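In this note's numbering, the protein residues as written are 266 to 531.
Below is one structure; the comments refer to it alone.
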Amino acid sequence: MGVLVAIPARYASSRYPGKPLVGLTGASGTSRTLIERSWRAAQAVSGVDRVVVATDDDRIRAACEGFGAEVVMTSSDCVNGTERCADAHAALGGGYEIVVNLQGDAPLTPHWFIEDLIRGLRAAPDAGVATPVLRCDGAALNGFLADRRAGRVGGTTAVFSADKSAMYFSKEVIPFTAQTYADDAETPVFHHVGVYAYRPEALAAYPAWPVGPLERLEGLEQLRFMENGGKVLCVEVEARGRQFWELNNPEDVPRLETMMKQMGLD
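Below you can see the structure in the form of structure tokens.
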């Protein structure tokens, strides 16, 4: 079998309860829930064989079935999106070549990010998981720094080696740079895009591994692969003029809505 896209969605977020059902208004004035917009983003990806929403919440299930999504009910014991994707893949009988985790808080993810990610993982047989990274311009980097100064968790950043193997991911802005950058300047900081492509063997192994100190401190699920000796491949993607942001905090709603209006996204 081919490529499965699973969109993990939980209602009981510690930072933003009910986040998947938050409405976002697009350029035409139409309001759609965050989970519907994420599902629509998945539907635009070429080369995908199946798209499902993975949840343990009946409110999310009902909303998703209302706009036509296929839903897989997963265990309430899943502690993050990767565990939920593993549970969904198992519930579907397994067998997919690649499982993509399109997190339900990233509705602005362009289809080519995921297409490039799938190609990247297929070309790297030694990697069990791959994830996109996007080079920040000055405007994005300055936004990250402003969030941290205000005590908000903004985007996640990534550092990686010459062969694109991840070295670390953090909710802090890394690597440190003392330089000031104009909004349109290229910077050495890479934004980690919250999408993952897994080989099924790595995905199936993940839930049995213990939560390590780095995953616990950062709250970043991908660190579990690294803490258990797995290779995480960073696939650099291009924005092509598109803005990108995840919905992490209630303050991000107007930011995303402004971006959608600027890009003409309904």
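The beta carbon of each residue, even a glycine, is placed where N, CA and C say it ideally should be.
Every value quoted in this text rests on a predicted model; they were computed, and no experiment measured them.
Problem - Chain-order list of residues whose beta-carbon lies under 7 Å from that of LYS284 (same chain, five-residue window excluded) - result: SER278, LEU299, ASP370, LEU512
Practice task
Report yes if the CB atom of VAL336 is closer than 9 Å to the CB atom of VAL268, and no otherwise.
Solution key: no
Practice task
Rounded to whole angstroms, what's the CA-CA distance from ALA443 to VAL454? Just pull it up for me.
Solution key: Looking at the two C-alpha atoms, the distance is approximately 12 Å.
Handout entry: Sequence-distant residues of its chain with Cβ nearer than 7 Å to GLU480 (five each side left out)
Key = GLU486, LEU488, ARG489, GLU492
Practice task
Please go through the same chain and pick out, in chain order, the residues whose beta-carbon is closer than 6 Å to the beta-carbon of THR421, but skip the five residues on each side of it.
Solution key: Closer than 6 Å at Cβ, skipping near neighbours: PHE434, LYS436, HIS457.
Problem - Burial state of GLU301, where buried means 16 or more other Cβ atoms lie within 10 Å - result: Around the C-beta of GLU301, 16 or more other C-beta atoms lie within 10 Å, and the residue is accordingly described as buried.
Practice task
Determine, using beta carbons only, whether ALA309 and HIS376 come nearer to each other than 9 Å.
Solution key: yes
Exercise for the section: If I'm right that LEU406 touches THR452 with Cβ under 8 Å, what's the distance once you round it to whole angstroms? Expected result: 5 Å
Exercise for the section: Take ASP412 and list the residues in its own chain whose beta-carbon comes closer than 6 Å to its own, dropping the five residues that flank it on each side. Expected result: GLY419
Handout entry: Straight-line gap, ASP352 to TYR361 (C-alpha atoms, nearest Å)
Key = C-alpha separation (whole angstroms): 13 Å.
Problem - Assigned secondary structure, GLU437 (DSSP; H/G/I helix, E/B strand, else coil) - result: coil
Problem - Backbone CA spacing between VAL318 and ALA334 [nearest angstrom] - result: 7 Å
Practice task
Scan the segment 444–497 and note each continuous alpha helix (DSSP H) run of 4 residues or more that stays entirely inside, going in chain order.
Solution key: 465–470, 478–483, 488–492
Handout entry: Contact set for LEU530: own chain, Cβ-Cβ below 7 Å, skip 5 residues either direction
Key = Closer than 7 Å at Cβ, skipping near neighbours: GLY291, ALA292.
Handout entry: Given ARG324 as reference, the closest of VAL316, SER311, MET338 once Cα atoms are compared
Key = MET338
Practice task
Can you check DSSP and say which residues form a bridge with GLU335?
Solution key: DSSP, once it has assigned bridges, lists VAL317 as partnering GLU335.
Handout entry: Neighbourhood of SER426 by C-beta distance below 8 Å, restricted to the same chain and skipping five residues each side
Key = MET432
Problem - Residue environment, ASP322, which counts as buried when at least 16 other CB atoms sit within 10 Å - result: Residue burial is scored here from C-beta neighbours: ASP322 has at least 16 other C-beta atoms within 10 angstroms and is therefore classed as buried.
Handout entry: Of the residues MET524, ALA504, ALA447, GLY495, the one placed nearest GLY403, counting alpha carbons only
Key = ALA447
Practice task
Measure the alpha-carbon distance for GLY477 versus GLY494 and round it to whole angstroms.
Solution key: 12 Å
Exercise for the section: Could I get the ranges of all uninterrupted alpha helix (DSSP H) runs contained in the segment 387–422, with 4 residues as the minimum, in chain order? Expected result: 403–414
Exercise for the section: Quick one: residues in its chain with C-beta nearer than 8 Å to the C-beta of MET266, no 5 flanking neighbours on either side, listed in chain order? Expected result: ASP314, GLY360, TYR361, GLU362
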